[in-house]
Structure formats: C-alpha cells, structure tokens
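Have a look at the structure below before the remarks.
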Amino acid sequence: MSEEITLMKGNEAIAHAAIRYGTDGYFGYPITPQSEILETLMEEAPWKTTGMVVLQAESEVAAINMVYGGAACGKASMTSSSSPGMSLKQEGISYLAGAELPCLLVNVMRGGPGLGTIQPSQSDYFQTVKGGGHGDYKLITLAPNSVQEMADFVALGFELAFKYRNPAIILSDGVIGQMMEKVTLPKYRTRRTEQEIREQCPWATLGKPASRKPNIVTSLELDAERMEKNNLRFQAKYAEIEKNEVRFEEMNCEDADYLLVAFGSTARICLKTIELAREEGIKVGLLRPITLWPFPSQALNSYADKVKGMLTVEMNAGQMVEDVRLAVNGKVKVEHYGRLGGIVPTPDKVLEVLKEKVIQK
Amino acid sequence: MSTESMISPENLVYAKPELMNDNYMHYCPGCSHGVVHKLIAEVIKDMGIQEITIGIAPVGCAVFAYNYIDIDWQEAAHGRAPALATATKRLLPDKMVFTYQGDGDLAAIGTAETIHAANRGENIAIIFINNGIYGMTGGQMAPTTLPMMKTATSPEGRNTETMGNPLKILDLVSLLDGVCLATRQSVHTAAAVKRTKRMIRKAFENAMAGKGTSIVEVVSTCSSGWKMNPAQSNDWMVENMFPMYPMGDIKNI
Chain A
6 MSEEITLMKG NEAIAHAAIR YGTDGYFGYP ITPQSEILET LMEEAPWKTT GMVVLQAESE
66 VAAINMVYGG AACGKASMTS SSSPGMSLKQ EGISYLAGAE LPCLLVNVMR GGPGLGTIQP
126 SQSDYFQTVK GGGHGDYKLI TLAPNSVQEM ADFVALGFEL AFKYRNPAII LSDGVIGQMM
186 EKVTLPKYRT RRTEQEIREQ CPWATLGKPA SRKPNIVTSL ELDAERMEKN NLRFQAKYAE
246 IEKNEVRFEE MNCEDADYLL VAFGSTARIC LKTIELAREE GIKVGLLRPI TLWPFPSQAL
306 NSYADKVKGM LTVEMNAGQM VEDVRLAVNG KVKVEHYGRL GGIVPTPDKV LEVLKEKVIQ
366 K
Chain B
265 MSTESMISPE NLVYAKPELM NDNYMHYCPG CSHGVVHKLI AEVIKDMGIQ EITIGIAPVG
325 CAVFAYNYID IDWQEAAHGR APALATATKR LLPDKMVFTY QGDGDLAAIG TAETIHAANR
385 GENIAIIFIN NGIYGMTGGQ MAPTTLPMMK TATSPEGRNT ETMGNPLKIL DLVSLLDGVC
445 LATRQSVHTA AAVKRTKRMI RKAFENAMAG KGTSIVEVVS TCSSGWKMNP AQSNDWMVEN
505 MFPMYPMGDI KNI
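Here it is, written out as structure tokens:
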C-alpha cells in the first residue's frame, strides 16, 4: 500500500495516530486549543474498529485517574489537555510516576497563568520538565515541531513509556495543535491481547491466576527506608533515560558563530531567522531539543566552545534558558527572547534580538 | 472428648476465608473494616471469581485493603477510585471490578468521581464504609459526621450552620439512572453481617451482569475515632448513626 499522505491539524494527527498505534484507551475533557483530539476520536469511533475505548470524563482530574486505572492494567492509555487542564492533572501524573505506570500525556499549551488565553504558549516548560506534581519524578518529554511529529510521537511516546515504565508526554502548543500540514500517518498496529500484556507487563492488574501472587499497583510505602529505596530506583531509571534517550536536531550548526536554541513551534520560526541571518552573512545555527527531558545538555555544552553566543527563543518568560545555561555552565553567553500571553515571535524580531543581546555585546 | 479429637474437618463450623491472607491487620479493635473485608473475600470465593477480580483501594484507613485479600489491586489517589474502576472495567469488560472507599474518600474529595461513575452506570460495585469520621488522619470531621458530633476539627461538635449537614450521598446517587442498587447495611450483629454479605454478593452479580452501578453503604464503627470501646461503639452507632442513616435498600432493581 502506498503511503497515506493527508492534510490535517496537529490535534487531528494525534487522534489518528493514537487509533493506528493500537491505543487501548483515551480519556479526555474538552479544552481549547486541543478539543479536536477528543472530537476526532469520537467521530472516528475506533471502538467499532480497533476496540479502542474513548471516554469523555467529568473533569481532567477524573481523566488522568482513568489513565491510571487503564495503565495499571498494562493497557496503552492516554489523555490530552491544555495548560489549565494539565494543572488539574498534576496529582494523577505524580501518582502515575510514583506507581511506575506507562502512559501517554499530551499538552497543547496555551498562555497562562490562570485561565490566561487560548492562544499558543510554551509556558508549561517548567511544569513539565521540573515535575509539576509533588515528589521527585520526571516525565519523558517530547516536543514536536510539526504535524508529522505530532503523529510520530504517539508511538514513540508509548514505546518509551512502556520501555521505562514511566509516563511520557508530548509537549506541544496551540500553533502545532491547530495548524494544518501534510502528514504521513503511521500504519495500523494491532492492539495487544490480554495474553501479550500478561507477558510484557507481568506487573499489570489483569486478575490474579493461581500461579502468581497478587499484583498491587501503588505509590504508597510508609516505611521511610523502603520509600527511599523506591526513590533511588526511580532515580537510577531516570539516569538510564538520560543516558539513552536524548533526542535533538541540529540545523546549520557546523559553521555557526551563534546558536539559537528553541523547541516546538518557535524552532520552526527560528529556521526562517537562520535564513535571514545568513543572507546578511551572520552564521547562525539552531539546536532544537526534541526531548526536553532528558535535555540535550551534552550537545549544548559541546557548542559552548565553538560559538560566540546563544539565544533561546521561547513563548514564555525564560524557562528552557535556565537549562541551557546549566548545560554550558558559564562557558558562553546565553540570552533569552520570549513573547508572552499567546504572542508568537516573528523571525525578523528574533534576528534583531540576536544582534542586540548576543552579537553586539 | 479431647481437644485433638474435636479439631477435625467434620466439626468445622467456621474458618478464615480462603482469600484472606495472613498479614497482620492494621485496623483497630472494634473497627468494621475487618468484617467487611472478610465478607468481600467470601463473596469472591463463593462466586469463583478470584482470577478475574480487580479491587481498587482508597485513601483512608482502607488504603491497605490490598494487603489482606488475595486478588489484584490498584491503589487510587484520594477519592479517585471510581475513575480508576471506570477505565479498568471498560478496558476489561469481562472482569469484576469493585472499589472500597470510606466516607471522606467517596463523599468529600471524590464526590464528583462517585456521582459521575454512577451516572454513567459503570458496571462496578462500590463498597462504601461510612463511620462519620476521618479515621486514618486521626478523627477529623467527615461529610457524614453527625450534627453536634465532636471530632478533632469540630471540637465543640459539628455546627450545621457553619459546617453543613451530614451528606447522605447514598440517597443522592440512588436518584441516578445508572444506579441499580443503593443499599445501606451494617455489620454490628450476626444477622446484619449476613444481610451485608447478601448485598455485597448482589452488587458483584449486578456488575458482572452489566446492570449498572451498585453501591453498598456499610454504616460502620470507628472506636478509636469515636473514643469508645467496641461495645459502646456498636450501641452508639445504633442510637445515633442509624436514625440519620436508616438501614435498608433505597434502590434495588
């Protein structure tokens, strides 16, 4: 069969990719700018074809806890929301991480704080990569910059989540969620049978056969020494993820004197900035973190000796810039340019700021 | 007749349920949880559904329910057990899924999850322990605390003008079309224990038959929280809790 290329929104691509991946359950609650995910799933009615369960919950709190229940059964379970809804989900996310449950989360970010705006933003970077809920935990964080990556990261997110028994999140924004682009949808994959889940997820609560002890999915351990051991096990897992799963993209970096660092939709804008800069003879490159956690610290550090300065471009007040500064450890100047409250930066303004803050200083 | 000769299978009239394990119970003397756990273990055994039953434990005294009954368990965040049960049952429609929740868990922090799971008619059983107090955290006021009842957070008694009235959540959920069984029971006498067991079994059968949501409220004692001995607790419950929370079926279809 030839490749299926189609034109659709990023949110729709997530929904189609979820069905095709063989997702077992999606549990959501409407919120702009990501409602198309739930709407598309309801329209596609995958329960009639793949058997996927799609349910509109009474709240984001209920939705994330439904994900917990599904994930505890070893089922490929997911939810999606946008910033204010993600704040509500943080309780459940902490429990999922604490119970070491694999699942896929999607945040199509909008401007905050509070009810904020429905326009795009990247101001949930801290919430996502620093642990928005309580306790020491990490989310495997994928930042798509295209509708194609929205589709591709569904499978990648689930694969990483199950590989490490840890929640994974697609951290997108209103631009990527709402814009239409060509996308090649992934091939259909059959949902796992209960027997396959029993083999691949021996911890899953699928009912206890006489041959084994009860499976108990919990994040609770009142004995402090055992709880510390649990935490150390999580930390060892996070170190393993940091070692194995860093993903990033380098554009025009070989000869770059200056480096832009941006993720998601702002990385797309920066591509145009590179073009404008190079027309003026300024050698600018872009490092785009694809995983925001684990963060490409080593790659950035290796550029610290090669470039004269770095500029992070984010739709927030300066969040990822802190991780870039930590990565280069003072070896090179790192500045930040951000627009807030739903405003998207323009390529020429990025260049202007690069000149002003990084090149001329 | 020697003691040895008396201990023989034909003389056995009572035994620990097969599905109750040997872990030391953390519940206080006189607490109703242990009896209700035993009944659930017996019902699962009687129905022969051990291998397909998944329990959802709450936050509260019964947080460790998973330590005592030999089935697969999920431990939920406070109040969220019906959400976990919803997904579990929908993804595994052939399994028996039940939640076990206290009054703080089910009727305060988890009110939304309770009402909406029941309203959707999820094919689950909810076992609801109502002792009118937060036991695990040390005897604070619950939504079900009686008027003028003293707790750690209502030291002068629950003032209904400022603290609200006892929440009869069973009456509320019984109004929902998704609910097929809403019954209120107790376990303070042998007869009451038998009735409660029958209703737990009915709730489990309803869930397996796809009849909708069943809720079995067990009006219970909390000797530690009430600061009484077990016998006093039973008497106090009959005199004070039963008038507010009358025994019997509100809905049974």
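So the sequences go chain by chain: A and B. Under this note's numbering, the first residue of the first sequence is numbered 6, with each subsequent residue one higher. Under this note's numbering, the first residue of the second sequence is numbered 265, with each subsequent residue one higher. For every residue, glycine included, the Cβ atom is placed at its ideal position computed from N, Cα and C.
Residue-chain proximity (residue i, chain B), Cβ-Cβ < 9 Å
i	result
Ser-128(A)	no
Ser-64(A)	yes
Leu-225(A)	yes
Asp-29(A)	yes
Ile-24(A)	no
Phe-167(A)	no
Phe-32(A)	yes
Glu-327(A)	no
Glu-199(A)	yes
Own chain partners of residue i with C-beta closer than 8 Å, once the 5 adjacent residues on each side are dropped
i	result
Lys-94(A)	Glu-65, Val-66, Ala-68, Ile-69, Thr-84, Ser-86 and Leu-110
Val-522(B)	Here chain B comprises residues numbered 265 to 517, so residue 522(B) is not present and cannot be evaluated.
Asn-306(A)	Ala-332, Val-333, Asn-334 and Lys-336
Gly-346(A)	Gly-116, Gly-121, Thr-122, Gln-124 and Ser-126
Gly-421(B)	Pro-411, Met-412, Met-413 and Lys-414
Contact set for residue i: own chain, Cβ-Cβ below 6 Å, skip 5 residues either direction
i	result
Ile-320(B)	Gln-338, Ala-340, Ala-345, Leu-348, Ala-349 and Thr-363
Pro-299(A)	Ile-246, Glu-247, Glu-250 and Val-251
Arg-384(B)	Gly-442
Trp-208(A)	Asn-220
Lys-288(A)	Asp-260, Ala-261 and Asp-262
Ala-382(B)	Val-437, Leu-440, Gly-442, Val-443 and Thr-477
Gly-136(A)	Tyr-142
Neighbour flag for residue i against chain A, beta carbons, 9 Å
i	result
Lys-302(B)	no
Leu-369(B)	With the sequence shown as reference, residue 369(B) is identified as Asp, and Leu is not the correct amino acid for it. It does not; no Cβ of chain A falls within 9 Å.
Ile-335(B)	yes
Leu-355(B)	yes
Gln-365(B)	no
Thr-352(B)	yes
Gln-496(B)	no
Ala-467(B)	no
Leu-439(B)	no
Glu-306(B)	no
Lys-359(B)	yes
Leu-436(B)	no
Ala-471(B)	no
Buried versus exposed call for residue i [16 or more other C-beta atoms within 10 Å across all chains shown]
i	result
Arg-217(A)	exposed
Gln-303(A)	exposed
Gln-205(A)	exposed
Val-277(B)	exposed
Lys-187(A)	exposed
Gln-449(B)	buried
Arg-238(A)	exposed
Thr-28(A)	buried
Thr-409(B)	buried
Ile-10(A)	exposed
Leu-230(A)	Contrary to the premise, residue 230(A) reads as Glu rather than Leu in this sequence. Exposed, by the Cβ-count rule.
Met-284(B)	buried
Thr-195(A)	exposed
Lys-143(A)	buried
Glu-377(B)	buried
### Near-chain B residues of the stretch 67 to 92 of chain A - C-beta to any C-beta below 9 Å
Ala-67, Ala-68, Ile-69, Asn-70, Met-71, Val-72, Tyr-73, Gly-74, Gly-75, Ala-76, Ala-77, Cys-78, Lys-80 and Ser-82
### Message
If the cut-off is 7 Å on Cβ atoms, which residues from the stretch 315 to 330 of chain B count as contacting chain A, listed in chain order?
### Response
Glu-315, Ile-316, Thr-317, Ile-318, Val-327 and Tyr-330
### Task
Give, in chain order, every residue of the stretch 37 to 63 of chain A whose Cβ lies closer than 8 Å to some Cβ of chain B.
Val-58, Leu-60, Ala-62 and Glu-63
### Query
Pairing CB atoms from the stretch 495 to 504 of chain B with CB atoms from the stretch 462 to 473 of chain B, are three or more of them under 8 Å?
no
### Query
Between the stretch 207 to 221 of chain A and chain B, which residues of the former have a C-beta closer than 9 Å to a C-beta of the latter?
Ala-209, Thr-210, Leu-211, Gly-212, Lys-213, Pro-214, Ala-215, Lys-218, Pro-219, Asn-220 and Ile-221
### Task
For the stretch 384 to 398 of chain B and the stretch 358 to 374 of chain B, state whether three or more C-beta atom pairs, one from each stretch, are separated by less than 8 Å.
yes
### Query
What are the residues of the stretch 96 to 129 of chain A that lie near chain B, defined by any Cβ-Cβ distance shorter than 9 Å?
Glu-96, Gly-97, Ser-99, Tyr-100 and Ala-104
### Task
Could you tell me whether the stretch 175 to 182 of chain A touches the stretch 264 to 277 of chain A, using the rule of 3 or more Cβ pairs below 8 Å?
yes
### Query
Can at least three beta-carbon pairs, one atom from the stretch 279 to 293 of chain A and one from the stretch 352 to 362 of chain A, be found at a separation below 8 Å?
yes
### Query
Using 8 Å as the Cβ pair cut-off and three pairs as the minimum, do the stretch 366 to 385 of chain B and the stretch 316 to 330 of chain B touch?
yes
### Task
Decide yes or no for the touch test of the stretch 147 to 163 of chain A against the stretch 16 to 30 of chain A: beta carbon pairs closer than 8 Å, at least 3 of them.
yes
### Message
So if I threshold CB-CB distances at 9 Å, which residues from the stretch 373 to 402 of chain B count as touching chain A?
### Response
Ala-376, Glu-377, Ile-379, His-380, Ala-381, Asn-383 and Arg-384
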